[in-house]
Amino acid sequence: MTTRIRVGVVRFPGSNCEQDVLECFNDPEWSQAYSVQAHYLWHQSGHLDPSIDWVILPGGFSYGDTLRSGALASLSPIMRAIHDHARQGKPVLGICNGFQMLVESGLLPGGDQRAALQPNRQGAFLCENVSLTVENTNTLFTQQYRPQQVITLPIAHAEGNFICDNNTLQRLEEEQQVVFRYTGDVNGSMNQIAGICNPQGNVLGLMPHPERALTQTATHSADGQALFQSVLSSLYSRVVSLV
Amino acid sequence: MPTSTLEKTFSGKSKQLSPAEKAHTLHVTFKNDATAFNGEKHAVFEGKGALNRRFTQQWFGLLEEAGIPTCWASEGDRPETAIYHALRMIPIEVVVRNVAQGSLCKRLGLTPNTVLSQPMVEYFLKDDALGDPAIPPSAIQALNLLPASVTLQQLEWMALSVNRILQARLAAARITLVDFKLEMGLDYQGAVRLGDELSPDGCRLQCAQTGASLDKDVFRKGTGHLIETYQALANRLDQTPWSLSQLAPTAYEGVVVVQSRANILNPQSRTLTQTLQQTIALTGSDQTPIRRVDAQKRFAVTVQAQHHWQAYQWLQQLAQEPLSNPVIEDAAVSSITQLYSEGTPS
Numbered sequence: 034m035t036t037r038i039r040v041g042v043v044r045f046p047g048s049n050c051e052q053d054v055l056e057c058f059n060d061p062e063w064s065q066a067y068s069v070q071a072h073y074l075w076h077q078s079g080h081l082d083p084s085i086d087w088v089i090l091p092g093g094f095s096y097g098d099t100l101r102s103g104a105l106a107s108l109s110p111i112m113r114a115i116h117d118h119a120r121q122g123k124p125v126l127g128i129c130n131g132f133q134m135l136v137e138s139g140l141l142p143g144g145d146q147r148a149a150l151q152p153n154r155q156g157a158f159l160c161e162n163v164s165l166t167v168e169n170t171n172t173l174f175t176q177q178y179r180p181q182q183v184i185t186l187p188i189a190h191a192e193g194n195f196i197c198d199n200n201t202l203q204r205l206e207e208e209q210q211v212v213f214r215y216t217g218d219v220n221g222s223m224n225q226i227a228g229i230c231n232p233q234g235n236v237l238g239l240m241p242h243p244e245r246a247l248t249q250t251a252t253h254s255a256d257g258q259a260l261f262q263s264v265l266s267s268l269y270s271r272v273v274s275l276v
Numbered sequence: 085m086p087t088s089t090l091e092k093t094f095s096g097k098s099k100q101l102s103p104a105e106k107a108h109t110l111h112v113t114f115k116n117d118a119t120a121f122n123g124e125k126h127a128v129f130e131g132k133g134a135l136n137r138r139f140t141q142q143w144f145g146l147l148e149e150a151g152i153p154t155c156w157a158s159e160g161d162r163p164e165t166a167i168y169h170a171l172r173m174i175p176i177e178v179v180v181r182n183v184a185q186g187s188l189c190k191r192l193g194l195t196p197n198t199v200l201s202q203p204m205v206e207y208f209l210k211d212d213a214l215g216d217p218a219i220p221p222s223a224i225q226a227l228n229l230l231p232a233s234v235t236l237q238q239l240e241w242m243a244l245s246v247n248r249i250l251q252a253r254l255a256a257a258r259i260t261l262v263d264f265k266l267e268m269g270l271d272y273q274g275a276v277r278l279g280d281e282l283s284p285d286g287c288r289l290q291c292a293q294t295g296a297s298l299d300k301d302v303f304r305k306g307t308g309h310l311i312e313t314y315q316a317l318a319n320r321l322d323q324t325p326w327s328l329s330q331l332a333p334t335a336y337e338g339v340v341v342v343q344s345r346a347n348i349l350n351p352q353s354r355t356l357t358q359t360l361q362q363t364i365a366l367t368g369s370d371q372t373p374i375r376r377v378d379a380q381k382r383f384a385v386t387v388q389a390q391h392h393w394q395a396y397q398w399l400q401q402l403a404q405e406p407l408s409n410p411v412i413e414d415a416a417v418s419s420i421t422q423l424y425s426e427g428t429p430s
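Below, the structure written as structure tokens:
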């Protein structure tokens, strides 16, 4: 099988969800249908191989959440290469701690705007399935969802409380950068924001774990599948059209 | 926005100022007049203005190179003129002393020429009628003499930085920097800069070997000729070139304090406040005197820097990125301390 799509899953000291993400791409149906191969990328590498199509920042406790969750990871050597990758319009996905890294690095919300993921309103670590609305199905990551589809994904975080200034919040809503929204108040996030993308729509960050909702057996939800398939089918059709 | 309100020529004791062509600049003429004892003693010396312009140009130039902002913009058309950035002056003289001389000895009963264990910084209110009296920091705060954007700490760090640089430069010419006076002000963008001038008029300089005065004291005490003294000083400095690279960095510990912005709901602080209010009995009654507990972060950052002001710039940068996330936190540099005392700088 010729590999047509390469996915890079970045590992930081303290990452603990990278294996789950890598495993997604070992699904026999997907690797068959999309000719996809996933690799680990070590955070210290200042260079991202140009053959990497899609970069994923997984969940965990990078740097033990020292300073602020994702703050030190956002300064790792590989992040500069990821900024370049994003600038070229290539997909970047940040899950949970990965979302925190994208926010700390400024890749999200993007456009010189800043945000933060604060401790949950309850002051507690939340580990549960939550209900989300897919607000924007025009992105690379959400094409295979139905507009306003209500899905279930698991969350597992203590710092997922999304905050930004009012101007930024207005921009996010107006520009349709809010991609996933909790259907109720889960952790105190402004406007119940669960996941956002950058203005160009190629960088997505979300607190819930789509890689833990691929089959109904583990978390009683397979709603994470459509996210991965949206990206894979989009990348596959690009590659195929070039051949 | 602080700007100079100078509309026409202002003539002080040592300099004449008038608005220059470019916005926010002043045309400065260094006068040949020398005064002492609040104007009681007065003489005119041909060439004094040009000499002091030259000293100011060289020393402000050195400080600018070291990253300390000054009012110096450029030379003027004549040897005694210059163009300055217009400043709204802070009415305080900042004096740094390395060796006890003059009024300090009388005030505190010290033997003249006692070397201080570390530089001391003193403040004097600029007021001719009152004779520029000493003013303590708490009075400066209580009388709101500083613009809101400036702290006395910043003025102190700036003054100690000037001291370290000037002391090293003069030591290369075997000259002791006994003490000196600085004035500061805000430019039109609100940034603090050194103002006035830097010349032997406002410093006490002593030959390290003979103890001879190389400053305006020769005029004040009538012990020498001002122009000869100033010219000899200039020659001596020209013969002993010195560059900033010769100033060895030393260790400074800066402290950055990061706290939640006032209007941000901080679940940790809220939890901490409520728990302490409800569970810790400080008084005999049920009423808790605790209003708020805010968990803050304190980072002690040690840097190798050439002077306080350089350490301060770096710490400010770190405070903004990455030590705080400005969306939810405020960060400030709360102190900068030189860690190792030193003798004469090399």
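Chains A and B, in that order, give the protein sequences. Numbering-wise (my numbering), the first sequence opens with residue 34 and increments by one. Numbering-wise (my numbering), the second sequence opens with residue 85 and increments by one. From the three backbone atoms N, C-alpha and C, an ideal C-beta is built for every residue, glycine too. Treat the numbers as computed from the prediction; the structure is a model and nothing was measured.
When DSSP states are grouped into helix, strand and coil, A:Q182 belongs to the coil group. Under the criterion of beta carbons closer than 8 Å, A:F132 and A:M240 qualify as touching, at roughly 6 Å. As the crow flies, the alpha-carbon of A:N171 is around 10 Å from that of A:Q210. A:S270 counts as exposed, since fewer than 16 other beta carbons sit within 10 angstroms of its beta carbon. At a cut-off of 7 Å, the C-beta of A:P152 has a neighbouring C-beta in chain B. In the structure shown, B:K99 falls within a strand segment according to DSSP collapsed to helix, strand and coil. Here B:T260 carries a strand assignment [DSSP, helix/strand/coil]. Within the same chain, Cβ atoms closer than 7 Å to the Cβ of A:A227 are found at L165, F213, R214, Y215, L239, M240 and P241, the five residues on either side in sequence being excluded. A:I196 reaches chain B at I348, L349, V411 and I412, counting residues in chain order whose Cβ is nearer than 9 Å.
With respect to the 7 Å criterion, B:L147 and B:D271 are not classified as neighbours on the basis of their beta carbons. Every unbroken stretch of the beta strand (DSSP E) spanning 3 or more residues and falling wholly within the region 186-273 of chain A is given here in chain order: 194-197, 211-215, 226-230 and 236-239.
By the neighbour-count criterion, in which a residue is buried when 16 or more other Cβ atoms sit within 10 angstroms of its Cβ, B:V112 is buried. The alpha carbon of B:G306 has as its nearest neighbour, out of B:T109, B:D117 and B:K125, the alpha carbon of B:K125. Of the residues assessed, B:L227 falls on the exposed side of the cut-off, its CB having fewer than 16 other CB atoms within 10 angstroms.
For the region 141-174 of chain A, the beta-carbon criterion of a distance under 8 Å to any beta-carbon of chain B is satisfied by R147, A148, A149, Q151, P152, N153, R154, Q155 and G156.
Rounded to the nearest whole angstrom, the CA to CA distance from A:I128 to B:S201 is 57 Å.
If you look at B:W326, you'll find it isn't in any alpha helix (DSSP H); DSSP assigns it neither H nor E. Using a C-beta cut-off of 8 Å, the region 175-183 of chain B makes contact with the region 205-218 of chain B, since at least three inter-stretch Cβ pairs fall below that distance. Nearest in C-alpha terms to B:A335, of all of B:A316, B:W393 and B:V302, is B:W393.
For A:N162, the enclosing beta strand (DSSP E) covers residues L159 to V167.
Any Cβ of chain A closer than 7 Å to the Cβ of B:P284 would place that residue at the interface, and such an atom is absent.
When DSSP states are grouped into helix, strand and coil, B:I348 belongs to the coil group. Closer than 8 Å at the C-beta level to chain A, one finds these residues of the region 339-368 of chain B: I348, L349, N350, P351, Q352, R354 and T355. Beyond the five residues adjoining it in sequence on each side, B:I167 comes within less than 8 Å, by CB distance, of A104, K106, T109, L110, H111, V112, A157, S158, E159 and G160 in the same chain, given in chain order.
Looking at the backbone, the Cα of A:P61 and that of A:C50 are separated by about 20 Å. By the Cβ rule, the region 119-139 of chain B counts as touching the region 302-316 of chain B, because three or more pairs are nearer than 8 Å. At a cut-off of 3 residues, the continuous stretches assigned as beta strand (DSSP E) that sit fully inside the region 117-196 of chain B are 117-120, 125-128, 156-159, 165-169 and 172-184.
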